[in-house]
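Just below is one structure, and these are the notes that go with it.
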Amino acid sequence: MNRRQLSQPELMRRRVIGVFLGSGLLASFASFIYPVLRYLVPPAVADLGGDEVVAAKLSELKPNSGKIFRFGSRPGLLIMNGDGTYRALSATCTHLGCTVQYRNDLREVWCACHNGIYDLNGRNVSGPPPRPLDVFDVHLRGDEIVVSRKREA
Amino acid sequence: MFSTIRHWLDERFDWDGLMAPLRHKTVPSHRLSYWYFLGGITLFLFGIQVVTGILLLLYYRPGANEAFESVQYIMTRVRFGWLIRSIHSWSANLMIFTAFAHMFSVLLLKAYRKPRELTWVSGVILLFLVMGFGFSGYLLPWNTLAFFATKVGTEITGQVPILGKPMMIFLRGGEEVTGATLTRFFGFHVAVLPGLATVLLLLHLLLVQRLGISVPPKLEVQWTANPSAKREMRFFPNFLLREMMAWYVALGVLGALAAVFPWNLGVKADPFVSAPAGIKPEWYFLFMFQTLKLIPSRVWFIDGEVLGVLAFGLVGWLWVLLPFFESDQPSRMKGWITGLSVLALAYVAGMSVYGHLAK
Chain A
1 MNRRQLSQPE LMRRRVIGVF LGSGLLASFA SFIYPVLRYL VPPAVADLGG DEVVAAKLSE
61 LKPNSGKIFR FGSRPGLLIM NGDGTYRALS ATCTHLGCTV QYRNDLREVW CACHNGIYDL
121 NGRNVSGPPP RPLDVFDVHL RGDEIVVSRK REA
Chain B
1 MFSTIRHWLD ERFDWDGLMA PLRHKTVPSH RLSYWYFLGG ITLFLFGIQV VTGILLLLYY
61 RPGANEAFES VQYIMTRVRF GWLIRSIHSW SANLMIFTAF AHMFSVLLLK AYRKPRELTW
121 VSGVILLFLV MGFGFSGYLL PWNTLAFFAT KVGTEITGQV PILGKPMMIF LRGGEEVTGA
181 TLTRFFGFHV AVLPGLATVL LLLHLLLVQR LGISVPPKLE VQWTANPSAK REMRFFPNFL
241 LREMMAWYVA LGVLGALAAV FPWNLGVKAD PFVSAPAGIK PEWYFLFMFQ TLKLIPSRVW
301 FIDGEVLGVL AFGLVGWLWV LLPFFESDQP SRMKGWITGL SVLALAYVAG MSVYGHLAK
């Protein structure tokens, strides 16, 4: 192939065409990549069950005991105190996300993973947990114990 | 920077030596050269299948209770999920089409001749694998159409004498098409077939690389007689750039089809409803489906279905071994294989159209 020396305007034209083609290609590649990147991010899971859930029946719990219930996609902890009152907390430990349990010997909430302890108001009293557990509202409706999120004041 | 890396590689692996065959590779240049693009386009579409398939795997869940819902989730909730799934389905269909077109172009350009017999054999087996991909992937959304297509398809396997029944049970994971079938087909589709296809694909490409690209016999004679008439193009970058333009066009077609005609999901499969009227397999199985429908229920002393299945099996084997039937004698080269391939093409096309139009 014999190559002629290109003149200055010809070189310029080439460069312009090259820029157009190149940016067109780049733009189209961006349009291929963009959907893929969006696809990779999972959609936010709708918190099923909304703001309220039936945690247990009245007859289910004995005084001084606890029960894990499902609140949306996360666990909650329902506690019946010795005096027959109820209390509901988030059961996800604020340290590393284990599920906590009620210890009737300590009358406290205990996380088995790293020995974190919360009191019955959800306050982190010892061990590694950095923050208190969320506290939920408890109502009685007929023979059902209904737990709901605290309304933002 | 680039040349430093290259130098580093060259020092250790003789990179330039490894790449030398690619640099010296040429592609014959003549008026039928366009047909050489088909294999590459099929390869490109296969690549699209791998990528979109992996993406679908991020959200898909096999299992009778979850599969349909997970595909529904992909299509309605995941951003661009509809697009990814639609591209996967469309690309599958286009790939089967281009694979068939590639095969018939190889037949008609007589590229399967000595020394390329094994390239043909590996190619035909790849085509069968691709149809296996189509058949197994079709079930995965677990919708009514897929359910019955799989029922019929595996039932046909069951018609093969002696081996049929155990094969059917193996495919179905039991006597019936159930969630167990879905799990199996999922395994075939994402593990077994990709593994086999990768090995065969590498072999196929290695053979193409090793043997170079075939020239139609007539031209070959001319070029041997008069070497100065020979026209060639360098594979890299000349042919590859053209090929990549074809890929880009294929991608455009694919994107347009997927966006304008997104693939349906249909209705969730229910083993306890009757098959919907007018149920048909995917278009690439139609010619076989229609043939089986036309064979009378009893031919002499054999069941029609059994006869049909055996005939297709036999034709399949002969098809794989086709190059070995061609005579080496130049005088007899013109001939019957070309006639046969035109006939086969007409049969497949005709029966597919007939099957599509038939009630």
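Just so you know, the protein sequences line up as chains A and B, in that order.
The first sequence begins at 1 in the numbering used here and counts up by one.
The second sequence begins at 1 in the numbering used here and counts up by one.
Even for Gly, the Cβ is constructed at its ideal location relative to N, Cα and C.
All values reported here derive from a predicted model rather than from experimental measurement.
Glutamate 175 of chain B is classed as exposed because its beta carbon has fewer than 16 other beta carbons within 10 Å across all chains shown.
Within chain A, no C-beta atom comes less than 7 Å from the C-beta of valine 50 of chain B; the nearest is roughly 13 Å away. Taking the beta carbon of leucine 83 of chain B as reference, the chain A residues within 9 Å of it are Pro35 and Tyr39, listed in sequence order. For threonine 181 of chain B, the secondary structure class from DSSP, reduced to helix, strand or coil, is helix. Neighbours of phenylalanine 80 of chain B in chain A, taken as residues at a C-beta separation under 7 Å, are given in chain order as Pro35, Arg38 and Tyr39. Approximately 6 Å separates the beta-carbon atoms of valine 130 of chain B and isoleucine 96 of chain B; this is inside 8 Å, confirming the contact. Put simply, the CB of proline 43 of chain A is near chain B, with a gap under 8 Å to one of its CB atoms. Residue environment analysis places asparagine 121 of chain A among the exposed positions, since fewer than 16 neighbouring C-beta atoms fall within 10 angstroms of its C-beta. In this structure, the CA atom of methionine 233 of chain B is about 12 Å from the CA atom of glutamate 243 of chain B.
Note that the region 84 to 94 of chain B touches the region 258 to 267 of chain B; at least 3 beta-carbon pairs, one per stretch, sit closer than 8 Å.
When secondary structure is reduced to three states using DSSP, arginine 210 of chain B falls in the helix class.
Taking C-alpha positions only, aspartate 270 of chain B is separated from leucine 126 of chain B by approximately 33 Å. The three-state secondary structure of asparagine 143 of chain B, taken from DSSP, is strand. From the beta-carbon of arginine 77 of chain B, the residues of chain A found nearer than 8 Å are Pro43.
The way I'd put it, the region 130 to 144 of chain B does touch the region 280 to 289 of chain B; three or more beta-carbon pairs between them come closer than 8 Å. Contact holds between the region 81 to 90 of chain A and the region 129 to 137 of chain A, because three or more Cβ pairs, one in each stretch, are under 8 Å apart. A straight-line Cα-Cα distance of about 10 Å links arginine 131 of chain A and tyrosine 118 of chain A. Judged by DSSP secondary structure, serine 28 of chain A falls within the alpha helix (DSSP H) whose first and last residues are 8 to 40. Around the CB of arginine 184 of chain B, 16 or more other CB atoms lie within 10 Å, so the residue is classed as buried. Shown here, serine 70 of chain B sits in a helix according to DSSP, grouped into three states.
For chain A, the residues of the region 235 to 254 of chain B that bring a beta carbon within less than 9 Å of one of its beta carbons are Tyr248, Leu251 and Gly252, in chain order. Taking a contact as a CB-CB distance under 8 Å, the pair phenylalanine 170 of chain B and serine 136 of chain B does not count as one, their CB atoms being some 13 Å apart. The residues Ile41 and Phe44, in chain order, have a CB closer than 7 Å to that of tryptophan 247 of chain B in the same chain once the five nearest residues on each side in sequence are set aside. Per the C-alpha coordinates, the member of B:Trp317, B:Val121, B:Ala20 and B:Val342 positioned closest to histidine 204 of chain B is B:Val121.
Every unbroken stretch of the alpha helix (DSSP H) spanning 4 or more residues and falling wholly within the region 43 to 97 of chain B is given here in chain order: 67 to 76. Between the region 108 to 118 of chain B and the region 211 to 219 of chain B, the count of C-beta pairs closer than 8 Å reaches three or more; the two stretches touch. Note: phenylalanine 69 of chain A is bridge-paired with A:Gly76 in the DSSP secondary-structure output. For leucine 340 of chain B, no CB of chain A lies under 8 Å from its own CB, so it is not counted at the interface with that chain.
When Cβ-Cβ separations below 8 Å define contact, leucine 43 of chain B makes no contact with chain A. The alpha-carbon separation between valine 267 of chain B and phenylalanine 68 of chain B amounts to approximately 9 Å. The DSSP-derived three-state label of valine 100 of chain A is coil. DSSP places glycine 355 of chain B in the uninterrupted alpha helix (DSSP H) bounded by 336 to 357. Taking a Cβ-Cβ cut-off of 8 Å, leucine 211 of chain B has no neighbours in chain A, whose nearest Cβ is about 28 Å from it. When DSSP states are grouped into helix, strand and coil, alanine 111 of chain B belongs to the coil group. At a cut-off of 8 Å between beta carbons, leucine 207 of chain B makes no contact with chain A. Beta-bridge pairing by DSSP links asparagine 124 of chain A to A:Tyr118.
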